[in-house]
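Just so you know, we're using my numbering here: the sequence shown kicks off at 1 and counts up by one. From the three backbone atoms N, C-alpha and C, an ideal C-beta is built for every residue, glycine too. Take a look at the structure set out below.
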Amino acid sequence: RTLLAWLLILAVNAVFAQDKKDFEAAEFVEQIVESFLDNNEDSDLDYASLCDDFTDLYQRPLNLNHASKEDLEGLYVLNDLQINNLLLHIETVGKLMSILELQSVKGFDLETIKNILPFVKVSMEFDQPRLVPKEILSKGKHELFVRYTRVIEEQKGYTPPDTNNDGSLTSRYLGSPDKLYTRYRFKYATNISLGFVAEKDAGEEFYQGTNSVNNWYEFYKGFDFYSGHIFLKDIGPLKHLAIGDYQLQIGQGLNIWSGFARNKSKTNDVVAIKRNAQILRPYTSVNESDFLRGVATTLTYKGIELTGFFSQKRVDANVAIVDSLSEEIEEVSSIQITGFHRTEAEVFDEKSIIEQLYGGRLGYSRRNLGIGLTVVNSVLSTELNRNLKTYNQFEFSAKQNLNMGLDYSYVFQNMNLFGEISISQNGGLAQLYGLIMSMDPRLTLTALYRDYQRQYQSTYAKGFGETSKTSNEKGLYFGLEIKPTRQWTLRSYYDIFSFPWLRSTADAPSRGNEFLVDLAYKPNRTIDMYLRYKNELKQQNTRADAIGIDYIEDRRRQLVRFHINYGLTKTLKLRNRVDLADYRLGDDPRESGYMIMQDVIYKPLKGPVSVTLRYALFETQSSNARIYMYEHDVLYSSYIHSFAGKGGRFYVVLRYKVRRGIDIWVKYSQRYDVQAGSISFIEGGDVIGSSLNEVNGGTYSEIKAQVRFKF
Numbered sequence: 001r002t003l004l005a006w007l008l009i010l011a012v013n014a015v016f017a018q019d020k021k022d023f024e025a026a027e028f029v030e031q032i033v034e035s036f037l038d039n040n041e042d043s044d045l046d047y048a049s050l051c052d053d054f055t056d057l058y059q060r061p062l063n064l065n066h067a068s069k070e071d072l073e074g075l076y077v078l079n080d081l082q083i084n085n086l087l088l089h090i091e092t093v094g095k096l097m098s099i100l101e102l103q104s105v106k107g108f109d110l111e112t113i114k115n116i117l118p119f120v121k122v123s124m125e126f127d128q129p130r131l132v133p134k135e136i137l138s139k140g141k142h143e144l145f146v147r148y149t150r151v152i153e154e155q156k157g158y159t160p161p162d163t164n165n166d167g168s169l170t171s172r173y174l175g176s177p178d179k180l181y182t183r184y185r186f187k188y189a190t191n192i193s194l195g196f197v198a199e200k201d202a203g204e205e206f207y208q209g210t211n212s213v214n215n216w217y218e219f220y221k222g223f224d225f226y227s228g229h230i231f232l233k234d235i236g237p238l239k240h241l242a243i244g245d246y247q248l249q250i251g252q253g254l255n256i257w258s259g260f261a262r263n264k265s266k267t268n269d270v271v272a273i274k275r276n277a278q279i280l281r282p283y284t285s286v287n288e289s290d291f292l293r294g295v296a297t298t299l300t301y302k303g304i305e306l307t308g309f310f311s312q313k314r315v316d317a318n319v320a321i322v323d324s325l326s327e328e329i330e331e332v333s334s335i336q337i338t339g340f341h342r343t344e345a346e347v348f349d350e351k352s353i354i355e356q357l358y359g360g361r362l363g364y365s366r367r368n369l370g371i372g373l374t375v376v377n378s379v380l381s382t383e384l385n386r387n388l389k390t391y392n393q394f395e396f397s398a399k400q401n402l403n404m405g406l407d408y409s410y411v412f413q414n415m416n417l418f419g420e421i422s423i424s425q426n427g428g429l430a431q432l433y434g435l436i437m438s439m440d441p442r443l444t445l446t447a448l449y450r451d452y453q454r455q456y457q458s459t460y461a462k463g464f465g466e467t468s469k470t471s472n473e474k475g476l477y478f479g480l481e482i483k484p485t486r487q488w489t490l491r492s493y494y495d496i497f498s499f500p501w502l503r504s505t506a507d508a509p510s511r512g513n514e515f516l517v518d519l520a521y522k523p524n525r526t527i528d529m530y531l532r533y534k535n536e537l538k539q540q541n542t543r544a545d546a547i548g549i550d551y552i553e554d555r556r557r558q559l560v561r562f563h564i565n566y567g568l569t570k571t572l573k574l575r576n577r578v579d580l581a582d583y584r585l586g587d588d589p590r591e592s593g594y595m596i597m598q599d600v601i602y603k604p605l606k607g608p609v610s611v612t613l614r615y616a617l618f619e620t621q622s623s624n625a626r627i628y629m630y631e632h633d634v635l636y637s638s639y640i641h642s643f644a645g646k647g648g649r650f651y652v653v654l655r656y657k658v659r660r661g662i663d664i665w666v667k668y669s670q671r672y673d674v675q676a677g678s679i680s681f682i683e684g685g686d687v688i689g690s691s692l693n694e695v696n697g698g699t700y701s702e703i704k705a706q707v708r709f710k711f
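Printed below as a string of structure tokens:
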């Protein structure tokens, strides 16, 4: 009955005009994406690509009767066991007659069906788009975004410079505090995508200085960052063709992975430990380092896939040696990935060297089996000579690196075995092996073992692990999901890991473990809640005075969260949350903190306006007990904050549909502190922020406005 009710709701929604569907799409996608980001502590996550995928699926649902394995993986919600069971069901029983038939597919419970329902459909017709110019031009969709952001208070970087003791001036930002963003994209079904993105960060110059335009043909120089792509998909034997900027995702991320990557800290879905690589995809975000630029293609024939890729782009680097005669850069000490070019020092490092990357993958894929061999070669135009210390002496410090890897995935009955092994040019090895087992529709078990040697090197690796570096780590992860009833879900994982070599925070080999338990309760469609406990133990250097090398001691961090959503009416929804944090290093005194949050979400069924409000209070004894929080933003923008000190934060997000094809978002947010130095912990001043982002006065306010045109 519950599933039937969902179907009726969707059927009613389908009769509304297309502009209402577009309006609802963004609102619904925000809810889905939030479930991915709400537990994340990585503010650089590629939110735009994730939002793109869900928006496309919402507006053009996937026909399950003609979906490929890759199409189903693109739903993000299904694991390989469910995908294999669905394809096997269609292969043996025949095409689905209705969505209701999913209940008879092994591994598809009501919750899974509800999660994919907005993004799929069932039809006997093969609705393959016609790839002819007239159809493409008449039925293609155009989308244009323009966004403006500014911090209202004056930050230190925009104040007049001070004078140093040697007579030189202190560093200041070269540009204005305005942050500008524009994006255009054309899409025809899932087969054709082309577009561009332009961005200027706050503090960067805009049509002046290093970004000035001297001739009409240099119009493109005004913004600090540009990205563009042409992407074709599923055209005859051509599975993918990427020209311009693109993302490359292979295996489990040990060799190369750009873009959004699930990890144990990035989602509360503890059984979603396997990456479903999409190989090639267009790049539409503004991260200025996590993408490739060039050309790539995948050809397919009877399950055999051949991928080739080439990338060449300029990257930021700390310049170490410059030839005094030719002024050519001879050596750099590090690669910069922030993408900021606000000060003279940052501009000096901008696009200082060339990074070239090329390689290929030969793979074979069928319903329950996938295997591939990958080779990636990366070359820098200038020698990278890091300032190596004892702890990081095994990091890449050369001009060229070669990686080779083998990845696989095999589904057998109720088990999915997967893994990847990769070797770098210096002999360093990284390996990962995983298992997902569905013991019962109500019980799923997972296990994952990884071993990343300290000397393993790969610039674009994003393997599953405790740290962001796919090196110097061993670990064994166990996950559990139990659904005793439709209303209750218990999720838990235990991860034990070690670091065989030194780290920047540990002057000796160290170890640790992490435990999480999450109990969720959803009594009906309008109420859901969860209680979560997380305990993390790591070892790091002591803060006590030590003679010679620091000794290591246990550092424990505990987090407790209670979260509840409840709908008062069909248009008004409330959300409450309480977070508690506890931190202790060795025998030092405990450092604790808390945050309480109240959301009010108003989304009328037919009106042109929706509003989201939040008010939060926080207090922590130090930055060690900081608390992370995801918050709503304008479409295609994400915010993940960390809070420490004592204060509050509130924001309001207003969305207004001006007319068909035109939407406006406005967001105002403010953080206020009631004690000095709550973020930077600088004693004796009422300061928020650090370095050139410092704001005096105890408040930090931001205004953001965005317009979207669709035609």
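Starting from residue i, trace the beta strand (DSSP E) in both directions and tell me its first and last residue.
| i | result |
| --- | --- |
| K573 | L572 to L585 |
| H563 | I552 to G567 |
| K704 | T699 to K710 |
| L110 | Here L110 belongs to no beta strand (DSSP E); instead the alpha helix (DSSP H) covers L110 to I116. |
| S610 | V609 to T620 |
| D451 | L443 to Y452 |
| R649 | K646 to R659 |
| M124 | Counting along the chain, M124 falls outside any beta strand (DSSP E), and DSSP gives it neither H nor E. |
Using a threshold of 9 Å, state whether the C-beta atoms of residue i and residue j are closer than that.
| i | j | result |
| --- | --- | --- |
| E288 | F348 | no |
| L180 | K200 | yes |
| Y493 | F464 | no |
| V611 | V653 | yes |
| R147 | A705 | yes |
| F618 | Y594 | yes |
| R76 | D53 | The sequence shown places Tyr at residue 76, not Arg. Against a cut-off of 9 Å, the Cβ pair of D53 and Y76 comes out as a contact. |
| T298 | L238 | yes |
| Q312 | E355 | yes |
| K106 | N79 | no |
| Y533 | L559 | yes |
| T526 | G567 | yes |
| D663 | R708 | yes |
| R555 | G586 | yes |
| N392 | S258 | no |
| A430 | A461 | yes |
| F126 | N63 | yes |
Restricting to Cα atoms, I'd like to know which of the options is closest to residue i.
| i | options | result |
| --- | --- | --- |
| Y477 | E466, L406, K483 and N255 | E466 |
| K573 | R561, L406, Y602 and R584 | Y602 |
| G427 | Y456, F186 and M529 | Y456 |
| Q413 | L369, E631 and Y364 | L369 |
| I496 | R503, R486 and K474 | K474 |
| N401 | V332, L357, S104 and Q487 | L357 |
| L254 | V375, F643, Y283 and N524 | V375 |
| G645 | H632, I627, L380 and S468 | I627 |
| Q59 | Q155, K187, N535 and V271 | K187 |
| P509 | I664, L531, R454 and E481 | R454 |
| V295 | H240, R532 and V286 | H240 |
| Q175 | R342, V517, N535 and Y449 | Correcting the residue type first, residue 175 is Gly in the shown sequence and not Gln. When each option's Cα is compared against that of G175, the closest is R342. |
| R584 | T489, I482, T571 and Q621 | Q621 |
| E481 | T446, L605 and D162 | T446 |
| S642 | G689, E101, L605 and L531 | G689 |
Using 9 Å as the limit for Cβ to Cβ distance, is residue i near chain D?
| i | result |
| --- | --- |
| A430 | Of the protein chains in this structure there is only one, and it is not chain D. |
State the start and end residues of the unbroken alpha helix (DSSP H) segment that holds residue i.
| i | result |
| --- | --- |
| N387 | Where N387 is concerned, there is no enclosing alpha helix (DSSP H), given that its DSSP letter is neither H nor E. |
| H89 | D80 to T92 |
| R347 | Per the sequence presented here, residue 347 reads as Val, with Arg not at that position. Note, V347: alpha helix (DSSP H), E344 to D349. |
| P133 | P133 to K139 |
| K69 | K69 to E73 |
Quick check: the stretch 283 to 299 against the stretch 232 to 246, are at least 3 beta-carbon pairs closer than 8 Å? yes
Does the stretch 186 to 197 come within contact of the stretch 226 to 236, defined as at least 3 CB pairs closer than 8 Å? yes
When you compare the stretch 691 to 706 with the stretch 659 to 671, are there three or more beta-carbon pairs, one atom per stretch, that lie closer than 8 Å? yes
Taking 8 Å as the threshold, find out whether the stretch 623 to 641 comes into contact with the stretch 578 to 597 through three or more Cβ pairs. yes
Would you call the stretch 268 to 284 and the stretch 317 to 336 in contact, with 3 or more CB pairs under 8 Å? no
Can we say the stretch 381 to 392 touches the stretch 405 to 422, given the rule of at least three CB pairs closer than 8 Å? no
In the stretch 159 to 210, which residue ranges form an unbroken beta strand (DSSP E) of at least 3 residues, counting only runs that do not cross its ends? 178 to 188 and 192 to 200
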